[in-house]
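Going by our numbering, the sequence shown opens with residue 1, and the numbers climb by one from there.
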Amino acid sequence: MARLFHVPLSPFCRKVRLSLAEKKIEVELVEERYWEADPDFLRRNPAAKVPVLRLDGIMMAESTAICEYIEETRPDPALMPKEAAARQEVRRLVSWFDDKFHHEVTSKLLYERVNKKVMGQGYPDSGNVKAGAKAIKYHLDYMTWLLDHRRWLAGDVMTLADFAAAAHLSALDYISDVDWNRSEGVKDWYAKIKSRPAFRGLLADQVPGFPPPRHYNDLDF
């Protein structure tokens, strides 16, 4: 069985979990306190980052590289389109959410409000929280524009780009940091993603000291 070393609210881990679940790959989840720099974990990934996946006898790190390995070795159901230009657009959007969105939003909201407390690093920086709350509006508006022109974020079919976005937004939704009333298009898109069987594991997550909001498990939110 595959084994994934993860943190429940990490969007990078969630992206990998969604890919594994969509392709019905059974996996054992192992919560890893990576910030404690455990020697055993450092041997698995000297970068001291999650996720780390053991699959096919290989120990893999970096979420996008992991997801592309899964896609190449288990191509059905596909999370990457066949055409080169369409694949480029998926990769662009995965990078958008894992780089730009993460830097401007996730790190300013989730990391300040949750990670600092869990890691014992003090209180949230109010300046960062305000910046993240402002930036997420821009990103939701960009997603609205994309979904006004496409059925899914990268085109007419669901792809890894949708999972990357949903991984970040679901983690932020856990701490009620997404204004779903800002965009009906984004809300409808998230409802479609959230209703997929692959999402069930994420909805079952519980972080000690941070109970999820009432709507978090509700498919008709």
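In this text, a Cβ means the ideal position worked out from N, Cα and C, and glycines have one as well.
Residue environment: Thr73 is assigned as exposed (fewer than 16 neighbouring CB atoms within 10 Å of its CB, all protein chains considered). Looking at the backbone, the Cα of Tyr69 and that of Glu62 are separated by about 11 Å. Contact between the segment 141-161 and the segment 173-192 is present, with at least three C-beta pairs closer than 8 Å.
In this structure, the CA atom of Leu4 is about 12 Å from the CA atom of Phe41.
A contact is defined here as three or more CB-CB pairs under 8 Å, and the segment 12-19 meets this definition with respect to the segment 197-207.
Per DSSP, the beta bridge partners of His6 are Glu31. Judged by DSSP in its simplified three-state form, Leu219 adopts coil rather than helix or strand. In this chain, the alpha helix (DSSP H) harbouring Ile66 covers Ser63 to Thr73.
Rounded to whole angstroms, Lys192 and Phe199 show a C-alpha spacing of 10 Å. If one requires a minimum length of 3 residues, no beta strand (DSSP E) run lies completely within the segment 135-188. Judged by DSSP secondary structure, Leu53 falls within the beta strand (DSSP E) whose first and last residues are Val52 to Leu55. From the listed residues Tyr174, Asn217, Ala164 and Arg44, the smallest Cα separation to Asp99 is found for Ala164.
If you draw a straight line from the Cα of Pro81 to the Cα of Leu153, it is about 13 Å long.
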